[in-house]
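A.B. asks:
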Amino acid sequence: MKFEQLLSHLDSGVCVEQLQKESLLDIALMSQCVCGEITPSELSHVLQWANSLHWSASVSLNEYVDNSISKCLLALRGDRLESFIEYRMQQIEDAPLKETAQFLVNKIQAAKLESNEANA
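Position one of the sequence shown corresponds to residue 1 (this note's numbering), numbered consecutively onward.
#1: How would you label ARG88, buried or exposed, when you count the other beta carbons within 10 angstroms and need 16 or more for buried?
#2: If you follow the alpha helix (DSSP H) that TRP49 is part of, which residue opens it and which one closes it?
#3: What three-state label does DSSP hand ASP79 in the structure shown?
#4: Exposed or buried, which one is GLN20 when buried takes at least 16 other CB atoms within 10 Å?
#5: Figure out for me which residue from CYS35, MET30, SER115 has the closest Cα to the Cα of GLU86.
#6: Return the chain-ordered list of same chain residues with a C-beta closer than 7 Å to the C-beta of GLN18, the five sequence neighbours on each side being excluded.
#7: To the nearest angstrom, how far is it from the Cα of PRO40 to the Cα of ALA101?
#8: In its own chain, which residues sit with a C-beta less than 7 Å from the C-beta of CYS15, not counting the 5 before and 5 after it?
#9: So for ILE92, helix, strand or coil by DSSP?
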């Protein structure tokens, strides 16, 4: 299955490494959006980190971030946080990237739990 997925991505011209970066960036943005918004300072921090990823997509980093924030907020409003995270985690194979992603997922889950407790 993984090999077929790899071939599928290569056939469509999508670099697997870039796909992992995109998924990791989506998770990082979700970690900042989980409260329902993202502040300018949080966005600045994520963008500074994202610039270290050596972005190589046809879509600019800033455009990707804008689109991803919209997707994060839609997932939160639609109560699809778990599926959002699960899908992105499946795209990450590289061990160091996966560790970073898991750290961020833990942060998201803790923030969501804290939010639920505050609303109860």
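Note that CB positions come from ideal geometry on N, CA and C, so glycine has one too.
The model shown is predicted, which means the values in this text are computed figures rather than measured ones.
C.D. replies: If we stick to the structure as given:
#1: buried
#2: 40-50
#3: Of the three classes helix, strand and coil, the one that applies to ASP79 here is coil, per DSSP.
#4: buried
#5: MET30
#6: SER56, ALA57
#7: 22 Å
#8: Only SER56 meet the Cβ criterion.
#9: coil
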